[in-house]
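In the working numbering, the protein residues as written are 1 to 570.
Here is the structure we will look at, set down as structure tokens.
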Amino acid sequence: MNHHLLQRAAWLILTLALLAVPAAQGQEAAPTFFFGVDLSYVNEMDDCGAVYRQDGIARDAFALFAEHGATLVRARLWHNPDWTAYSTLDDVKRTFARARAAGMTTLLDIHYSDQWADPGRQEIPAAWQELDDDALVDAVYQYTTEVLESLADEDLTPAFVQIGNETNSGILKRGSDLQWARDARLFNAGIRAVRDFSAAAGQPVRIVLHVAQPENTMWWFTQAEAAGVTDFDLIGVSFYPQWSTFSIGDMGAQVGVLRRRFGKEVMVVETGYGWTRDAVEETADNVLDQGLRGYPFSPDGQHRFMRDLTQSLISGGALGVVYWEPAWVSTPCHTRWGQGSHWENATFFDFHNGNELLEGVNFLRDDYLYPPVLADGVVEPAYGEALVTEDAGDALNGVAALDLLELYAYADADQLHLAFTTAGDIFAREGSYLLYFDATHDAEGANADVGRRPILAADPYKPEFRLDVSILEEQATRRGSIALNAWAEGDWQTLTYTGGAAILNGVISVVELQLPLALIDHPDELHLALVSTDRGRARGASDILGTDAVPADSEAALLLEQFFRLDLAP
Numbered sequence: 001m002n003h004h005l006l007q008r009a010a011w012l013i014l015t016l017a018l019l020a021v022p023a024a025q026g027q028e029a030a031p032t033f034f035f036g037v038d039l040s041y042v043n044e045m046d047d048c049g050a051v052y053r054q055d056g057i058a059r060d061a062f063a064l065f066a067e068h069g070a071t072l073v074r075a076r077l078w079h080n081p082d083w084t085a086y087s088t089l090d091d092v093k094r095t096f097a098r099a100r101a102a103g104m105t106t107l108l109d110i111h112y113s114d115q116w117a118d119p120g121r122q123e124i125p126a127a128w129q130e131l132d133d134d135a136l137v138d139a140v141y142q143y144t145t146e147v148l149e150s151l152a153d154e155d156l157t158p159a160f161v162q163i164g165n166e167t168n169s170g171i172l173k174r175g176s177d178l179q180w181a182r183d184a185r186l187f188n189a190g191i192r193a194v195r196d197f198s199a200a201a202g203q204p205v206r207i208v209l210h211v212a213q214p215e216n217t218m219w220w221f222t223q224a225e226a227a228g229v230t231d232f233d234l235i236g237v238s239f240y241p242q243w244s245t246f247s248i249g250d251m252g253a254q255v256g257v258l259r260r261r262f263g264k265e266v267m268v269v270e271t272g273y274g275w276t277r278d279a280v281e282e283t284a285d286n287v288l289d290q291g292l293r294g295y296p297f298s299p300d301g302q303h304r305f306m307r308d309l310t311q312s313l314i315s316g317g318a319l320g321v322v323y324w325e326p327a328w329v330s331t332p333c334h335t336r337w338g339q340g341s342h343w344e345n346a347t348f349f350d351f352h353n354g355n356e357l358l359e360g361v362n363f364l365r366d367d368y369l370y371p372p373v374l375a376d377g378v379v380e381p382a383y384g385e386a387l388v389t390e391d392a393g394d395a396l397n398g399v400a401a402l403d404l405l406e407l408y409a410y411a412d413a414d415q416l417h418l419a420f421t422t423a424g425d426i427f428a429r430e431g432s433y434l435l436y437f438d439a440t441h442d443a444e445g446a447n448a449d450v451g452r453r454p455i456l457a458a459d460p461y462k463p464e465f466r467l468d469v470s471i472l473e474e475q476a477t478r479r480g481s482i483a484l485n486a487w488a489e490g491d492w493q494t495l496t497y498t499g500g501a502a503i504l505n506g507v508i509s510v511v512e513l514q515l516p517l518a519l520i521d522h523p524d525e526l527h528l529a530l531v532s533t534d535r536g537r538a539r540g541a542s543d544i545l546g547t548d549a550v551p552a553d554s555e556a557a558l559l560l561e562q563f564f565r566l567d568l569a570p
């Protein structure tokens, strides 16, 4: 958890692939998904007198979470904190023993610091302050080995080990900037220690490298790879909307990008969301005070956030999700910054009602859609023949990236699978690709352009949904962005996209989408249209799939007539 970036604004987008990805064949979804909770604070809360209740009855937190579907417990480890008796190795052993007793597996989060390590602070432990870099490398290896051997002696070997916490700026820092020539040696020392321990003990332990916020994952792991940091198993991500530019669907889509680009599993090892804006009267101020549109700070809003995020992660092929500190309730005890908790409004317990269990915990056992095949940007044989195809060369101003070629579509019992192609590198140009869905073929649906684009569906088509795929430029890089919209009350309203997505850019680019049919009300048939538009929200069409007519100019009004029928009836 990053405790020092409380004022970072959130601009909500859905980012997809930033770089070309390999044209892998259809990837089967991961057979296991870990539902995790970080319970690093529970021992301390218990010692401070906290009581967790379900239906008014006091409960053990570990047993309670396990009963509700948690399968993984994460715990942090500080090196030698002189300000607390918790998050020490003995405390981690206590946590892991309780987790094991409740039937859950474990993830060890080694901070390699005497206190919180995060993007803004990676302090060298006091005991290592005088070591030069060569000695630090040896210390990391020896310390990591000793920790794992000590846990193994008590049959508490974790299934996962994090080498550092939110290491955006590196690890064991003497300054503030990443210095890969130095930092790579430290990461690799920790990695090598885990590998050597695992081989000697005959116990497989998976290695996690962890950065804060998904927008930092691509550049960070690309640089890590170039520096020779490659022998790890999982990309770990913190995702807090308050400090991220990504939306829920964005986070899930980025999972697929990372899996394809680096060949690693991905897990959101920290996330959280508020259930109230109230706070206990105490001196420890709450950290979370900003949310996402459509997800109010309420018990239902918290639950829906976690349910939708989890579905998005599953759709992207993630290995798991960990809710950060769902039991850090308010007590008379103190943090480094005040008395009480900085997180009581983001736990799963109602401080207005004696720490009664809230509905947010149910995300651990909600029903989720596990796609049998993940989106990978490849048009698989299951698509069959294209729904519509046309020749290249009819896009406005000859822009190949906006020149539409083909649209493929088919549906299974749960998802609508869509793929379309363009005649050039889709990341070569900013622009948007608009998929219109008439799901009822009746008089209900969009009947105006509401001032955004001069595009109007011709009678008898009245689209109820529109799926936008946009290519945008941000910080000198191109990225993809998706928004699912529903027509309501005379305007397009944005929904949460929880399906799969992939962009494979190249000489011919492919965009593949897996849209849960529940999001568009399980229609029996669809009429689909696809247009591309140049940069800018008020632009008209650059190309209309299904006609070789070239728009007169970028502002020309379009009466969209080219809809194509897809039968979805079982």
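For every residue, glycine included, the Cβ atom is placed at its ideal position computed from N, Cα and C.
Computed from a prediction, not measured in an experiment: that's the story for all the values here.
When DSSP reads this structure, MET306 sits in no beta bridge, so it has no partner. C-alpha of ARG53 to C-alpha of ASP289: approximately 25 Å in a straight line.
Every beta strand (DSSP E) stretch that sits fully inside the segment 192-277 and reaches 3 residues is listed by chain position as 206-212, 234-239 and 265-271. Annotation: GLY398 to ARG121 spans about 50 Å, alpha carbon to alpha carbon. Secondary structure of ARG535 (DSSP, three-state): coil.
Residue pairing by DSSP places ILE520 opposite no residue, since no beta bridge is assigned to it. LEU402 is not a Cβ neighbour of GLY377, given a cutoff of 8 Å.
When only Cα atoms are considered, ALA75 and GLY291 end up about 26 Å apart. Beta-bridge analysis with DSSP links ARG182 to no other residue. Cβ-Cβ separation between ALA327 and TYR41: approximately 6 Å, consistent with a contact (criterion under 8 Å). Apart from the 5 residues on each side of it in sequence, ALA58 sits with its Cβ closer than 6 Å to the Cβ of VAL51 in its chain, given in chain order. Going by C-alpha positions, THR71 is about 20 Å away from LEU77. A Cβ-Cβ contact shorter than 8 Å links VAL469 with TYR433. Between PHE427 and GLU406 the beta-carbon gap is near 19 Å, outside 8 Å, which marks them as no contact. For ASP138, the enclosing alpha helix (DSSP H) begins and ends at 133-153. Comparing alpha-carbon positions, the option among TYR143, LEU89, ASP38 and LEU64 lying closest to ARG365 turns out to be LEU64.
With respect to the C-alpha of GLU281, the residue from ASN188, THR331 and GLU270 having the closest C-alpha is THR331.
Only residues of its own chain outside the window of five on either side were considered, and among them TYR436, PHE437, ASP438, GLY445, ALA446 and ALA457 have a CB closer than 6 Å to the CB of PRO463, listed in chain order. It is roughly 53 Å from the alpha-carbon of ASN80 to the alpha-carbon of LEU416.
Per DSSP, VAL73 lies in no alpha helix (DSSP H); the unbroken beta strand (DSSP E) holding it starts and ends at 72-77. Rounded to the nearest whole angstrom, the C-alpha separation of ALA549 and ASP394 is 7 Å. For PHE437, the enclosing beta strand (DSSP E) stretches over residues 431-438.
DSSP assignment within the segment 51-126 yields the following whole beta strand (DSSP E) runs of 3 residues or more, N-terminal first: 52-54, 57-59, 72-77 and 105-110. Rounded to the nearest whole angstrom, the CA to CA distance from GLY480 to GLN115 is 37 Å. The beta-carbon distance between LEU558 and PRO454, rounded to whole angstroms, is 6 Å. This is short enough to meet the 8 Å contact definition. According to the DSSP assignment, GLU406 belongs to the beta strand (DSSP E) that extends over 404-411. Nearest in C-alpha terms to LEU504, of all of ILE471, GLU525 and LEU484, is ILE471. Comparing alpha-carbon positions, the option among ASN345, MET267, ARG307 and GLU265 lying closest to ALA284 turns out to be ASN345. Per DSSP, ASP391 lies in no beta strand (DSSP E) segment and is marked neither H nor E. If you ignore the 5 residues before and after ARG94, its C-beta comes within less than 7 Å of the C-beta of ASN43, all in its own chain and listed in chain order. The segment 524-535 makes no contact with the segment 492-501; the number of CB pairs closer than 8 Å stays below 3. Contact check for GLU166 against ALA199 fails: the beta carbons are separated by 8 Å or more. CA-to-CA, the gap between ALA184 and ALA193 works out to about 14 Å. Excluding residues up to 5 positions away in sequence, GLY69, ALA70, THR71 and LEU364 lie with their Cβ nearer than 6 Å to the Cβ of PHE35 in the same chain. Excluding residues up to 5 positions away in sequence, PHE297 and ASN345 lie with their Cβ nearer than 6 Å to the Cβ of THR276 in the same chain.
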